[in-house]
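For reference, the structure is listed below as structure tokens.
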Amino acid sequence: MTASIDNNMAAKCAASSCRSCGSIGLRPVLDLGLMPLSDGLVREDQTASEDARYPLEVAFCPKCSLVQILQTVPPEVLFRQDYPYYSSVIDTLMEHSRRNALELIERHRLGKNSLVVEIASNDGYLLRNFVQNSIPVLGIDPAQGPVAEAAKVGVESLCAFFTCNLAAKLRDDNCQADVIIANNVLAHVADTNGFVEGVRILLKDDGEAVIECPYVRDLIDNCEFDTIYHEHLCYFSITALNHLFNRHGLFINEIRHLDIHGGSLRLYVGKKDKASPDLQQMLDHEHAIGLDDYLYYQAFSERVEEIRTGLRRLLMDLRQQGCSIAAYGAPAKGTILLNYLGLGRGDIPFTVDRNIRKHGKYVPGVRIPILDTSALLDNMPDYTLLLPWNFQSEILKQQQPYRSRGGRFIIPIPNPRIV
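Letter by letter, the sequence shown follows residues 15 to 433 in the working numbering.
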């Protein structure tokens with residue numbers, strides 16, 4: 015099927031200056047070509063239409079060290095009514111969120127007179143933990159489906175994009191937050207400075223913003239190229255984050271490196287500079303290894319191509335041996351991996367997913383059908399390509415019945431391997 019390319023939108027949305035500091039002279043890092051929207055799952059009634067594709071290019075800013083994609087697809091296109099991501103489907107993420115919530119309750123002695131606001135609150139996966147402890151919450155999320163699910167677990171939400179104007183309105187309505195949580199959303203925001211300024215406005219003077227985002231060092235070192243897609247506009251180092259928050263009178267006072275999502279940072283941000291010595295040590299370490307230098311990123315493109323070549327060769331060898339191959343999951347990263355490898359239904363006849371909202375739909379671009387996870391045992395493919403490899407421990411445990419009958423998984427990142 016021929017791809018549909020919106021050239022006018024691609025030209026209009028291409029960036030010529032840094033999303034954070036505004037400087038020109040961005041340096042190229044990786045070009046993944048024309049890609050469909052990673053979460054734009056195709057319904058049965060849409061299969062006759064072509065999938066729109068947009069350029070997906072990554073660049074580095076020499077001035078503030080921010081790694082970013084050059085194109086911006088309008089958020090109303092990305093986060094539409096049928097946005098398919100529901101956080102509560104993932105057990106690992108639910109446990110991660112529960113622990114995070116309990117820590118924040120103790121850290122800030124939160125109670126019935128406190129307010130916790132989560133930006134990109136999704137289906138209430140995290141805020142429900144505060145509700146269960148009788149702590150007032152407010153979720154903010156633009157996706158109607160997840161917001162409706164959040165209401166079912168007692169999480170009050172605004173179905174809206176978080177902006178400076180919204181933050182000011184909430185502040186004027188005496189709705190400032192003791193704690194603001196923003197997990198895996200900062201990288202999704204086109205107006206990065208507006209988002210951070212909104213956090214400053216909404217946060218009480220003695221409050222704290224707790225922000226998680228993928229760490230660019232893990233992306234580069236582990237060659238996690240499939241986590242690059244149109245929703246992820248920025249890929250942060252601590253250096254780039256420090257520049258960004260300081261510009262708006264906010265300070266990173268504590269930072270932790272987490273394993274979740276292939277490697278993430280958790281930032282504890284406030285209006286007062288109370289930084290621990292660890293922050294400066296981390297900044298010094300990034301400088302020492304060259305994370306603030308373009309040279310660090312120059313070999314990334316070659317390594318991505320090596321993974322593509324190796325994974326395609328592995329799959330081809332297995333097919334030539336007469337082995338059957340399916341896939342597990344329909345995450346955003348899976349769309350990028352399958353399309354970049356050029357795999358279709360002739361190579362992988364189906365994928366499976368726990369999220370029932372994805373069943374009966376198709377992976378964008380490659381049009382591989384998404385089935386219930388029971389299809390693995392029903393069909394018993396010899397090998398299954400694990401697309402959400404960042405949750406491999408959880409999935410391998412869940413799929414023990416398939417594995418006990420001889421089924422094996424292919425882990426694609428950082429180096430293709432069979433388990």
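We treat Cβ as the ideally placed atom computed from N, Cα and C, and that holds for glycine.
Predicted model only: the values in this text are computed from it and were never measured.
Unbroken alpha helix (DSSP H) run spanning residue i, endpoints
i    : result
G348 : A346 to L355
F314 : F314 to Q334
T206 : T206 to L216
M49  : From DSSP, M49 is part of no alpha helix (DSSP H) but of the beta strand (DSSP E) over R41 to P50.
G159 : Q158 to K166
D235 : V230 to D235
V299 : Reading the sequence as shown, one finds His at residue 299 and not Val. Where H299 is concerned, the enclosing alpha helix (DSSP H) stretches over P291 to I303.
N145 : According to the sequence shown, residue 145 is Val rather than Asn. Counting along the chain, the alpha helix (DSSP H) containing V145 begins and ends at L141 to V145.
D105 : D105 to H122
Run of the beta strand (DSSP E) containing residue i, from where it starts to where it stops
i    : result
S278 : S278 to G284
D386 : I384 to D386
T241 : Element bounds for T241: n/a, residue is neither H nor E.
T61  : Unbroken run through T61: none, as it is neither H nor E.
I425 : R422 to I425
H271 : F265 to L272
I339 : I339 to Y342
Assigned secondary structure, residue i (DSSP; H/G/I helix, E/B strand, else coil)
i    : result
S171 : strand
P89  : helix
Y249 : strand
C178 : helix
L84  : coil
A25  : In this predicted model, A25 has a pLDDT of only 41, less than 50, meaning its place in the structure is not dependable enough to derive any value.
A196 : strand
M15  : Confidence is the limiting factor: at M15 the pLDDT is only 43, short of 50, which leaves the residue's position unreliable, though a coordinate-based value still follows. It is coil, neither helix nor strand.
P415 : helix
A73  : strand
A134 : coil
R359 : coil
I370 : helix
D460 : For the chain, the structure presents residues 15 to 433; residue 460 sits outside this window and is missing.
I225 : strand
R381 : coil
I149 : coil
L309 : helix
D186 : helix
L410 : helix
With 16 other Cβ atoms within 10 Å as the buried cut-off, status of residue i
i    : result
D85  : Before going further, note that residue 85 is Gln rather than Asp in the sequence given. Looking at its Cβ environment, which holds 16 or more other Cβ atoms inside 10 Å, Q85 is buried.
G360 : exposed
Q295 : exposed
K166 : exposed
D137 : buried
T323 : exposed
D186 : exposed
M330 : exposed
N429 : exposed
V43  : buried
A254 : buried
K347 : buried
S31  : exposed
C227 : buried
E211 : buried
N256 : buried
P426 : buried
L279 : buried
N21  : Only weak support exists for where N21 lies, its pLDDT of 48 falling under 50; the value from the coordinates is given anyway. Exposed.
L281 : buried
Reference residue i; option with closest CA among the options
i    : options                   : result
V199 : N188, A191 and V213       : V213
S418 : I432, L401, L391 and E211 : L391
L272 : I215, G159 and V230       : V230
S101 : D386, L410, I370 and P378 : I370
P88  : L309, E245 and R431       : E245
C178 : I154, I274, G125 and D298 : I154
G374 : L55, V169 and L48         : L55
N207 : L355, D219, D220 and F176 : F176
E117 : G284, D53, V193 and K183  : V193
H275 : N256, L40 and E238        : E238
D240 : K126, T387, L352 and S388 : L352
N197 : D219, A223, I215 and D205 : A223
Y12  : R431, Y397 and P378       : A query on residue 12 cannot be resolved here, the shown segment of the chain reaching from 15 to 433 and no further.
N127 : A134, S148 and V433       : S148
T387 : V433, K372 and L305       : K372
C189 : P395, C173 and L216       : L216
L385 : R113, K411, A157 and A340 : A340
I119 : H110, P98 and N143        : N143
H262 : A134, L124 and K285       : K285
V103 : P150, L40 and P160        : P160
G221 : L129, A62 and F250        : L129
E132 : T106, R121, A174 and E109 : A174
Y354 : M394, R368, A302 and V318 : V318
Cβ-heavy atom distance, residue i to the ligand NAP, below 7 Å
i    : result
F176 : Among the ligands in the structure shown, none appear at all, so the ligand NAP cannot be discussed.
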